[in-house]
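Asker:
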Amino acid sequence: MDLTFDTLPNGLTVVTDPMPHIRTASVGVWVEAGARHETAATNGVSHLLEHMAFKGTATRSARQIAEEIEAAGGYLNAYTSREQTCFYARVMKDDVPLGVDILSDILINPLFDAEELAREKKVVLQEIGQAADTPDDIIYDHLQDCAFPGQALGRPIMGDEQTVNGLSRAHLRRHLKAHYVGPAMTIVASGNVSRDQIVELAASKFAAIENAPAKAPPRARYKGGERRRTQKLEQAHVTFGVEGPSLTDKDAFVGQVFATAFGGGMSSRLFQEVREKRGLAYSVLAFCHSFADTGFFGVYAGTGAKECAELAPVVVGELEAMAADATEEEAARARAQAKSALFMGLEGPSNRAEHIAAQLSAYGRVMAEDEIAAEIDAVDAAALRRFAARLLKTRRPSLAALGPVKALESYDRFAARFG
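Numbering (my numbering), first residue to last: 979 to 1397.
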């Protein structure tokens, strides 16, 4: 990557990532504001603001926003995570100015019209309902709540019916003013773009953004616990979790490689033991979610009502086996998967822009591809065994289960397998 970095007078960072061999560009604005920057009463405001930004500005109606970008063959989109909100445009190279203009307009001049807000709340509530009707989706929110109960990091990104209904135009404007400030915002342009063009556009279109201190969220603390609900479903959806590394933890890369080796593909231990040998689950996987100051490692399985009785001891048993005898062959396969996922992802401008923004948010810099590859290559079998032993030391694991889960072992018995 041949990146250039510029900081505007208002504190906004601009990163240009030229890819002159392609004909398109992706331009995004990342804001350091997500679900963990909210209070219990305003849970969901980041996500609702993301929706409302597209619902009209002082100069464009919602329809005009859609028609202008689509008339140029481009598209706009956005997403909210627990730590960031992103708005981005994918356009042909000659339409980069249009993309930047629309992005600045929806972030600087949103109307937050009362009628549009009432309609969009209904849309968000439908989105929440859709997630609730998708057990292999909502179960991750339940696990997050178990890991970080009573904390912003444990709350759902979309909020719930009560909090969404309680949000007003005033809440949206306060959130915008508090968090959409120069030092908390980064513009990344990847694709057929030039530094001079992007910096000039950003300086012109985002000049109204205030240079004010970014507001840090409250520090999160992993606590662990249980949340299970018996429900009439065909499958039992079960997740286990323990405290894992933060983004700046020395084991951050180890955690990612370990998750791949343990449950990241058909050759992984979990897939082979849980599905291939025992037939306990159709779907089983491991993941490592890292945040600025904490993280957690988890396992998901979709299993049967009877099979879930055997699931917990098998998963923990495999974790113990990894601590005892993880092999260099496993480590090599996981490293290869991790590197291929990284490098294949960096071949497209949208993924590159997101990667750059994530690196800046986590480390305050963008690690070179060779540096990341070296971190991955350093994860050997000994590191996998050490990381598994670290996970097993947790004294209070997390367990979230939904569906026909009566046969799932008790939380106390599950927790006794750790520590």
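Yeah, the Cβ is synthetic: ideal placement off N, Cα and C, and Gly gets one too.
On the CB-based measure, 16 or more other CB atoms within 10 Å of its CB, does residue 1269 come out buried or exposed?
Answerer: Buried.
Asker: Is the Cβ-Cβ distance between residue 1005 and residue 1067 less than 8 angstroms?
Answerer: Yes, the pair counts as a contact, with Cβ atoms nearer than the cut-off.
Asker: Excluding the 5 residues preceding and the 5 following residue 1147 in the sequence, name in chain order all residues of the same chain whose CB lies nearer than 8 angstroms to its CB.
Answerer: Here the set comprises 1090, 1092, 1095.
Asker: Residue range of the alpha helix (DSSP H) that residue 1295 falls in?
Answerer: Here the alpha helix (DSSP H) through residue 1295 covers 1286-1303.
Asker: Going by beta-carbon coordinates alone, are residue 1408 and residue 1320 separated by less than 8 angstroms?
Answerer: The structure shown has nothing for residue 1408, since the chain only spans 979 to 1397.
Asker: Going by DSSP in three states, residue 1204 sits in which element: helix, strand or coil?
Answerer: Here residue 1204 sits in strand by DSSP.
Asker: Taking contact to mean at least 3 C-beta pairs separated by less than 8 angstroms, is the segment 1120-1140 in contact with the segment 1213-1220?
Answerer: Short answer: they touch.
Asker: Would you report the Cα separation of residue 1258 and residue 1285, rounded to the nearest angstrom?
Answerer: Whole-angstrom Cα-Cα distance: 5 angstroms.
Asker: Measure the C-alpha to C-alpha separation of residue 1247 and residue 1298 and round it to an integer number of angstroms.
Answerer: Each residue's Cα considered, the two are about 11 angstroms apart.
Asker: Among all the DSSP beta bridges, which residues are the ones paired with residue 995?
Answerer: 1168, per the DSSP bridge assignment.
Asker: Are the segment 1271-1281 and the segment 1232-1251 in contact at 8 angstroms, needing three or more beta carbon pairs?
Answerer: A contact exists between the segment 1271-1281 and the segment 1232-1251.
Asker: Indicate whether residue 1200 and residue 1126 have their beta-carbon atoms separated by less than 8 angstroms.
Answerer: Yes; because the gap between Cβ atoms is below 8 angstroms, this pair is in contact.
Asker: By DSSP, does residue 1090 sit in helix, in strand, or in coil?
Answerer: Coil.
Asker: Give the secondary structure of residue 1151 by DSSP, where H, G and I count as helix, E and B as strand, and everything else as coil.
Answerer: Helix, per DSSP.
Asker: Tell me where the alpha helix (DSSP H) around residue 1232 begins and ends.
Answerer: Segment 1230-1241, the alpha helix (DSSP H) holding residue 1232.
Asker: Taking the alpha-carbon of residue 980 as reference, which of 1294, 995, 987 has the nearest alpha-carbon?
Answerer: Of the candidates 1294, 995, 987, the one whose C-alpha sits nearest the C-alpha of residue 980 is 995.
Asker: Give the straight-line distance between the Cα atoms of residue 1070 and residue 1105, rounded to the nearest whole angstrom.
Answerer: Cα to Cα, the separation comes out at about 31 angstroms.
Asker: Would you check if the distance between the CB atom of residue 1035 and the CB atom of residue 1083 is smaller than 8 angstroms?
Answerer: Taking 8 angstroms as the Cβ cut-off, residue 1035 and residue 1083 qualify as a contacting pair.
Asker: With distances taken Cα to Cα, identify the nearest neighbour of residue 1302 among 1361, 1251, 1002.
Answerer: With distances taken between Cα atoms, residue 1302 lies closest to 1361.
Asker: What did DSSP end up calling residue 1158 once you bin it into helix, strand or coil?
Answerer: Residue state, collapsed to three classes: coil.
Asker: Going by Cα to Cα distance, which pick from 997, 1162, 1079 is closest to residue 1342?
Answerer: Of 997, 1162, 1079, the residue nearest in Cα terms is 1162.
Asker: For residue 1016 and residue 1236, I'd like the C-alpha separation in whole angstroms.
Answerer: About 32 angstroms.
Asker: Give the DSSP-derived three-state secondary structure of residue 1114 in the structure shown.
Answerer: Of the three classes helix, strand and coil, the one that applies to residue 1114 here is helix, per DSSP.
Asker: Contact check, residue 1214 vs residue 1283 under 8 angstroms by CB: the rounded distance?
Answerer: Yes, residue 1214 and residue 1283 are in contact; Cβ-Cβ is about 6 angstroms, under 8 angstroms.
Asker: Measure the beta-carbon distance from residue 1192 to residue 1010 and round it to whole angstroms, keeping in mind my assumption that it falls under 8 angstroms.
Answerer: Residue 1192 to residue 1010, Cβ: 6 angstroms. Contact.
Asker: Roughly how far, in whole angstroms, is the beta-carbon of residue 1376 from the beta-carbon of residue 1203, given that I think they are within contact range, below 8 angstroms?
Answerer: Residue 1376 to residue 1203, Cβ: 6 angstroms. Contact.
Asker: Skipping 5 residues on each side, what residues in its chain have a beta carbon closer than 7 angstroms to that of residue 1370?
Answerer: So the list reads 1297, 1298, 1301, 1396, once near-sequence residues are dropped.
Asker: Would you call the CB atoms of residue 1208 and residue 1382 closer than 8 angstroms?
Answerer: Yes, they are a contact pair.
Asker: Are the segment 1180-1187 and the segment 1350-1369 in contact at 8 angstroms, needing three or more beta carbon pairs?
Answerer: Contact fails: fewer than three Cβ-Cβ distances are below 8 angstroms.
Asker: Residue 1068 lies in the beta strand (DSSP E); which residues open and close that run?
Answerer: Residue 1068 -> beta strand (DSSP E) spans 1063-1070.
Asker: Among the residues of its own chain, which have a CB less than 8 angstroms from the CB of residue 1002, if the five just before and after it don't count?
Answerer: For residue 1002, where only same-chain residues beyond five positions count, the Cβ hits under 8 angstroms are 1068, 1069, 1070, 1071, 1169, 1170, 1327.
Asker: With DSSP run on the structure shown, which of helix, strand or coil describes residue 1275?
Answerer: Three-state result, residue 1275: strand.
Asker: Find the nearest neighbour of residue 1223 within the set 1255, 1212, 1267, 1290, judged by alpha-carbon distance.
Answerer: Answer by Cα proximity: 1267.
Asker: So, using beta-carbon positions, are residue 1059 and residue 1022 closer together than 8 angstroms?
Answerer: The answer is no: Cβ separation not under 8 angstroms.
Asker: Curious, which full-length beta strand (DSSP E) runs of at least 3 residues does the segment 991-1060 contain?
Answerer: The segment 991-1060 contains these whole beta strand (DSSP E) runs: 991-996, 1002-1009, 1053-1058.
Asker: Less than 8 angstroms separating the beta-carbons of residue 1050 and residue 1073?
Answerer: Yes, Cβ-Cβ distance for residue 1050 and residue 1073 is below 8 angstroms.
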